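All remarks here apply to the structure that follows.
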Amino acid sequence: MTTKVEAKPATARRSGPLKGTIRIPGDKSISHRSLMFGGLAAGETRITGLLEGDDILATGRAMQAMGAVMRKHDDVWIIDGVGNGCLLEPEAPLDFGNAGTGVRLTMGLVGTYGFSATFTGDASLRSRPMGRVLDPLRLMGAQVQAEEGDRLPVTMRGPRIARPITYRVPMASAQVKSAVLLAGLNAPGVTTVVEPVMTRDHTEKMLAGFGAELQVDTAPDGVRTISLHGQGALRGQVIDVPGDPSSTAFPLVSALLVPGSDVTIENVLMNPTRTGLLTTLLEMGADIEIIDPRQAGGEDVADLRVKASDLRGVRVPAERAPSMIDEYPVLAIAAAFAEGRTVMEGVEELRVKESDRLAAVAAGLKLNGVECEEGPDWLTVDGVPGGKGLGASASGPAVATHLDHRIAMAFTVMGFASERPVTIDDSTMIATSFPEYMDLMTGLGAVIESVDRAA
Numbered sequence: 001m002t003t004k005v006e007a008k009p010a011t012a013r014r015s016g017p018l019k020g021t022i023r024i025p026g027d028k029s030i031s032h033r034s035l036m037f038g039g040l041a042a043g044e045t046r047i048t049g050l051l052e053g054d055d056i057l058a059t060g061r062a063m064q065a066m067g068a069v070m071r072k073h074d075d076v077w078i079i080d081g082v083g084n085g086c087l088l089e090p091e092a093p094l095d096f097g098n099a100g101t102g103v104r105l106t107m108g109l110v111g112t113y114g115f116s117a118t119f120t121g122d123a124s125l126r127s128r129p130m131g132r133v134l135d136p137l138r139l140m141g142a143q144v145q146a147e148e149g150d151r152l153p154v155t156m157r158g159p160r161i162a163r164p165i166t167y168r169v170p171m172a173s174a175q176v177k178s179a180v181l182l183a184g185l186n187a188p189g190v191t192t193v194v195e196p197v198m199t200r201d202h203t204e205k206m207l208a209g210f211g212a213e214l215q216v217d218t219a220p221d222g223v224r225t226i227s228l229h230g231q232g233a234l235r236g237q238v239i240d241v242p243g244d245p246s247s248t249a250f251p252l253v254s255a256l257l258v259p260g261s262d263v264t265i266e267n268v269l270m271n272p273t274r275t276g277l278l279t280t281l282l283e284m285g286a287d288i289e290i291i292d293p294r295q296a297g298g299e300d301v302a303d304l305r306v307k308a309s310d311l312r313g314v315r316v317p318a319e320r321a322p323s324m325i326d327e328y329p330v331l332a333i334a335a336a337f338a339e340g341r342t343v344m345e346g347v348e349e350l351r352v353k354e355s356d357r358l359a360a361v362a363a364g365l366k367l368n369g370v371e372c373e374e375g376p377d378w379l380t381v382d383g384v385p386g387g388k389g390l391g392a393s394a395s396g397p398a399v400a401t402h403l404d405h406r407i408a409m410a411f412t413v414m415g416f417a418s419e420r421p422v423t424i425d426d427s428t429m430i431a432t433s434f435p436e437y438m439d440l441m442t443g444l445g446a447v448i449e450s451v452d453r454a455a
């Protein structure tokens with residue numbers, strides 16, 4: 001079981017202009033898949049730019065437990081994979097900590113193997129629903145033992161020979177799509193996923209890059225059909241992981257909100273399925289210059305120059321949610337400083353993330369003086385330009401982060417621009433996705449400090 005870590009509250013204070021050039025750690029989604037596919041493929045995979053957060057390392061340990069050999073030389077991760085169809089039965093439960101992507105994709109990967117594997121994680125991960133992934137795996141022949149509501153710990157035994165399926169994803173979820181495709185790697189015949197709304201497509205791109213036989217067809221109405229031919233060979237690759245747009249969101253919004261700021265962020269992933277926040281901020285009046293758009297490793301990347309801006313409230317349409325689902329907490333912070341009202345629609349997926357992010361964001365905003373209202377799948381925020389009156393005293397109530405790294409980082413961003421400080425009840429979980437966050441932000445000039453709430 002994951003060891004409990006003592007909470008470390010932190011306070012963010014109104015900061016002077018943020019200045020500098022930074023490079024964001026590697027994309028979290030691509031980092032998970034790089035370790036997973038490298039561990040599965042035959043031969044050697046070499047990875048640079050890997051995000052070395054707790055979540056990613058948990059995925060790496062799981063692949064090692066099933067036979068992959070991993071080592072790091074200087075800044076390069078080198079993986080000797082087992083070959084498709086050749087994973088070994090893990091001798092102990094696979095503990096994923098807080099890594100929702102890691103556990104769901106790995107369930108898909110091993111769900112069609114004829115051995116048993118047990119999956120667990122920390123308190124936050126054990127509270128999250130896994131049925132959306134387990135349901136299609138059951139259709140492929142997996143036997144599942146789970147806690148009530150299909151929650152962790154989960155023990156799964158795959159069939160001797162898996163059944164390929166055609167599965168229409170019932171919600172916009174790259175994790176579900178990916179889990180089914182990964183299960184199809186070890187199933188005979190063709191496994192097909194029908195995706196009514198396009199989600200991030202890293203799995204399809206990377207599987208093709210590793211040598212999987214895969215076709216993607218898009219109908220005139222936007223429905224995508226992804227067909228994977230199972231039991232083919234995968235070959236090791238060289239991967240350079242671009243900067244994570246979800247992590248980029250925090251220094252980016254900070255630079256927009258703190259007066260006088262001018263920050264350049266290098267090597268940011270610009271995959272069209274991940275740029276919803278950028279589109280929204282530009283609609284709000286953000287001064288963001290896209291510099292040197294280019295291709296790297298099959299993905300679009302660019303540098304971003306961000307300057308402090310006067311933002312205005314906008315309506316964010318529901319159909320944009322899949323391209324920015326992890327960025328809504330920090331978008332809500334941007335909206336808190338914008339002129340007028342921002343309306344975010346179609347965000348029910350936020351309720352089943354590391355926390356109920358919709359409720360956590362609304363509670364944190366209200367605690368720090370922002371007028372907002374939440375519904376089952378929507379959030380409205382009435383902004384206060386300049387942040388006058390926002391925040392609380394450093395000794396006042398702390399924002400409840402609910403073991404959620406994105407809630408923690410979002411409310412530090414609020415503190416950098418609000419009139420009064422903003423305190424979060426715990427900063428330890430930031431390491432799951434962005435271990436360098438505190439040092440990076442203070443290096444730009446932001447004021448954030450650990451606090452002793454018992455003092």
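For what it's worth, the UniProt record's numbering labels the leading residue of the sequence shown as 1, then goes sequentially.
Backbone N, C-alpha and C define an ideal beta-carbon position, used for all residues, glycine too.
The model shown is predicted, which means the values in this text are computed figures rather than measured ones.
DSSP places residue 30 in the uninterrupted alpha helix (DSSP H) bounded by 28–40. Contact between the segment 234–245 and the segment 390–399 is absent, with fewer than three C-beta pairs closer than 8 Å. In this structure residue 88 is exposed. Its beta-carbon is surrounded by fewer than 16 other beta-carbon atoms within 10 angstroms. Residues of the same chain with a CB within less than 6 Å of the CB of residue 169, apart from the 5 flanking positions on each side, are 176, 177 and 195 in chain order. Straight through space, the alpha carbons of residue 256 and residue 229 are spaced by roughly 46 Å. In this structure residue 325 is not in contact with residue 348, their Cβ atoms being roughly 10 Å apart against a cut-off of 8 Å. One Cα belongs to residue 416, the other to residue 15, and the distance between them is close to 5 Å. Look at the beta carbons and you see the segment 70–81 not touching the segment 275–283: under three pairs across the two are nearer than 8 Å. By alpha-carbon distance to residue 214, the top candidate from 199, 185 and 222 is 185.
According to the DSSP assignment, residue 333 belongs to no beta strand (DSSP E) but to the alpha helix (DSSP H) extending over 328–336. At a cut-off of 4 residues, the continuous stretches assigned as alpha helix (DSSP H) that sit fully inside the segment 131–156 are 131–139. Around the beta-carbon of residue 418, 16 or more other beta-carbon atoms lie within 10 Å, marking it buried.
In the structure shown, residue 88 adopts coil according to DSSP, grouped into three states. DSSP, read as helix, strand or coil, puts residue 72 in strand. Relative to the Cα of residue 96, the nearest Cα in the group 63, 79, 115 and 111 belongs to 63. When Cβ pairs closer than 8 Å are counted between the two stretches, the segment 116–132 is seen to touch the segment 144–153, the count reaching three or more.
For residue 283, the uninterrupted alpha helix (DSSP H) segment begins and ends at 276–283.
Contact annotation: the segment 296–312 does not touch the segment 360–380, with fewer than three C-beta pairs closer than 8 Å. In the DSSP assignment, residue 108 falls within the unbroken alpha helix (DSSP H) covering 100–110.
In this structure, DSSP gives residue 320 a helical state, which the three-state scheme calls helix. With the rule of 3 Cβ pairs closer than 8 Å, the segment 326–333 does not count as touching the segment 302–314. Shortest Cα-Cα distance from residue 409 to any of 390, 137 and 364 involves 364.
Residue 93 sits away from residue 424, with the two beta carbons spaced by 8 Å or more. Runs of alpha helix (DSSP H) with 4 or more residues, each lying fully within the segment 149–217, are found at 174–184 and 202–209, listed in chain order. With 16 or more neighbouring CB atoms inside 10 Å of its own CB, residue 54 falls in the buried class.
Cβ contact annotation for residue 111 (same chain, cutoff 7 Å, sequence separation greater than five): 137, 140, 142, 156, 158 and 183, in chain order. Judged by their CB atoms, residue 133 and residue 179 are nearer to each other than the 8 Å cut-off. Non-local beta-carbon contacts of residue 387 in its own chain, meaning distances under 6 Å to residues more than five positions away in sequence, involve 337, 417, 418 and 419 in chain order. Per the DSSP secondary-structure output, residue 291 pairs in a beta bridge with 303. Here the alpha carbons of residue 431 and residue 104 stand approximately 20 Å from one another. With a 10 Å radius around the Cβ and a threshold of 16 neighbouring Cβ atoms, residue 354 comes out buried. DSSP places residue 8 in the coil class of the three-state scheme, outside both helix and strand.
Shown here, residue 366 sits in a helix according to DSSP, grouped into three states.
A straight line joining the alpha-carbon of residue 161 with that of residue 291 spans about 50 Å. For the pair of segments examined, the segment 21–32 was found to touch the segment 264–272: the number of CB pairs separated by less than 8 Å reaches three. Cα atoms of residue 81 and residue 274: separation of roughly 29 Å, rounded to the nearest angstrom.
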